[in-house]
Structures are given as C-alpha cells and as structure tokens.
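Peer 1:
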Amino acid sequence: MARFIKMHVFIGCLVLLASCCCSINASNVEEQLLQLQDSFNEMRGSLAEKSSRMDALELQVAQLTSQVIQLQSVENQNKILMEEIAQLNEMRKTRVLDQANGISNQPSTNAINQMPTSCEDLREIGHTLNGLYSVMGMKSVESVYCDFSNATNDSGYQTWIGHVDVKSSPAYFFVRRNQTFNETKTPIPFDIVQLNEGAAYDQNSGVFTAPVTGKYYFTVSGMAAFPGTYITTRLFFQIGLYKNNEAMAFAMADNVSDYYENESFSFQSTLELIKGDQISVQIYSMSQAASLMTGTYTQFNGFLLEEDITQYLYML
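Everything in the sequence shown is counted per the working numbering, starting at 1 for the first residue and increasing by one.
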C-alpha cells in the first residue's frame, strides 16, 4: 500500500513538472514574438525614413538637372553672342585697315544726316546683329526686323512689324461742370478736373491747347435742362466742339412739352491738330431759360491718339 502511494506521488510530480515546463516554454515564445514584432516595426520605420530621403534626393537631382540645362542654354547663348562680337571686331579691324590703305568705307550721307528709314540704312551706319529695330516711316516711328545675314534684295532682309507709339508729351484729360451754364458762344469752363495728364486743359478758361502736332480724339456728352411752359412749345439746345473758335461738330437736344424736361446729347470727333491749336466746348444757341445741367451729367474728355514726329526730322 505504501509503495502504491509513493508511485502516485511520483507520477503527480512528473505531471506538475511537465506543466511548468510547458508554461515556461509558452512564455518564452510569446516574448520572442514580441521582440520580433518590435524589430519588424523598427525596420519598417527605418525603411520609410530611407524612402523619404530617397524621394528628397530624387527631387534634388531633378532640380540640379534643370539648372544644368538652363546653364547649358545660357552658355550656348553666350557662345553665339561671343561669335557675333568676334565678327563685329573683325569687321571693325577691316575698316581700320581699309582706311589706312586709303579705301573709303564711309556710310552714305543719307543714313548719317537723318533718322534711318530701313535696314539698309542701319547696316550702313554699322548695325550687323539681327533683331528688331526702330526706323522712321512717313509720319511715325515704325518697327522692323532686320536679318543682316540675307542679301539686301532678299524678301527676308527687312520685315515690317508695325507702328511704334511714340509720344514726346502725354495729353489726356477728363473734366466735368460743377454749376449750370447758359452763356452762348463762350468756352464752357469745366471746373471739376478728374484727370489732366500733361496739364493741357485749362479749367479756368475751358480751353484745351494741343501740346504737340498729331491726331486727337474728343468726346462730349451731357444733359440740357428745359423749363416748364404755360403752353406746349418746342425748346432746343445746340452745343458744339470748336477748334480755334471754328465749329467742328454739333449736337442738339430738344423737347416739345409744357413740363420741365431733361434731354441728353453726345458727340465725338477725331481731329488733326497743330501744336498750339485750341479746343473748346461752346453752346451755339438755345431757347430762352434752357441751360446745361451739372455734375456727373455733363463731361468733356480727350486724348492724343498719334503724334506727328516729322517735325523732329529737321532738328537732327
């Protein structure tokens, strides 16, 4: 009986020992799994950081490549410019040698004594680089493209581009009238000056004086006030644009009623003016008690469209 009890105790110890061993092994495996998970997370973070650095490096490489391309383009342009400068220096050396040998290489008198009028004139006074140039047209400065690599009789030697807007003096204004006005054949003084670039408009006299010779554009618009009458009758208001007190354009407003009425008018004009010509707005005639309305209803404005610069040719 005692031997039987010892055997059962021994078997119980073995079972308890096996259970402890299994518990210890399971705990070790779990710790190893956790360590592996931590290692994996660290490796993934390291790879993400390296990938971000790689993207940044690729962006820097792309930027450096773009800069290299730009530098190459600038280098090519500088190379072309240096070649053209070298050609120009060679031409100058040739001129010096020709002059020393008594060979006449002077430009034509026509190209020296006045503004150049063509690419041929430009070549004669020493221009050799292809590009856009300003030359004198009939009455205005014009822009042309000169290709000096072509022969003078080649169609591509000179290409006309267009007119150049050259103004030696700015001239544009916008004025309004502050009070009613009913005087005839007298310049209307527009005393509210909104804009007067060049100071060509005199708000005291109501006269615009052309600062330069050229083409000008003027507009006049406003409203005429007609009083009420006891009987139905026709009332009128006639206004005009005057150049040196000579009528250039007219506008009329009229009304047939026995009540107080306002009627609008407007007109525009493009004029060729000589420096010093005077422009004014005047009431030509009107019915008794009619008048010009004020404020924002009546305005006068004008500006220089194109200056005639032929006058400056004789100053060269």
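All C-beta atoms in this analysis are idealised placements derived from N, C-alpha and C, irrespective of residue type, glycine included.
State buried or exposed for residue 298, treating a residue as buried only when at least 16 other CB atoms are found within 10 Å of its CB.
Peer 2: Around the CB of residue 298, 16 or more other CB atoms lie within 10 Å, so the residue is classed as buried.
Peer 1: Any idea which residues DSSP pairs residue 125 with across the strands?
Peer 2: Under DSSP, residue 125 forms no beta bridge with any residue.
Peer 1: Enumerate in chain order the residues of its own chain whose CB-to-CB distance from residue 305 is below 8 Å, with the five nearest sequence positions on each side excluded.
Peer 2: 214, 215, 216, 217, 270
Peer 1: To the nearest whole angstrom, what separates the beta carbons of residue 194 and residue 174, a pair I think is in contact under 8 Å?
Peer 2: Yes, they are in contact, since the Cβ atoms of residue 194 and residue 174 sit about 4 Å apart, within 8 Å.
Peer 1: Spatial neighbours of residue 300 within its chain, please: CB distance less than 6 Å, with the 5 preceding and 5 following residues excluded, ordered by chain position.
Peer 2: 175, 190, 220, 281
Peer 1: Mind checking residue 255: buried by the 16 CB within 10 Å criterion, or exposed?
Peer 2: buried
Peer 1: Do residue 181 and residue 192 come within 7 Å of each other at the CB atom, strictly closer than that value?
Peer 2: Not in contact: residue 192 and residue 181 (Cβ atoms no closer than 7 Å).
Peer 1: Check whether the region 277-296 and the region 241-251 touch, using three or more Cβ-Cβ pairs below 8 Å as the test.
Peer 2: Yes: the two stretches touch, three or more of their Cβ pairs being nearer than 8 Å.
Peer 1: For residue 247, which residues in the same chain have their Cβ closer than 6 Å to its Cβ, ignoring the five residues on either side in sequence?
Peer 2: 240
Peer 1: Ignoring anything shorter than 4 residues, give me the alpha helix (DSSP H) runs that lie fully in the region 132-209, in order along the chain.
Peer 2: none
Peer 1: Based on the DSSP secondary-structure assignment, which residues constitute the bridge partners of residue 223?
Peer 2: 264
Peer 1: Report the rounded CA-to-CA distance for residue 106 versus residue 165, giving the unit in angstroms.
Peer 2: Its pLDDT being 45, under 50, residue 106 is placed unreliably in this model, and the value from its coordinates should be taken loosely. Approximately 32 Å, taken between the alpha carbons.
Peer 1: How do the region 195-204 and the region 284-299 stand: do at least 3 beta-carbon pairs fall below 8 Å, yes or no?
Peer 2: no
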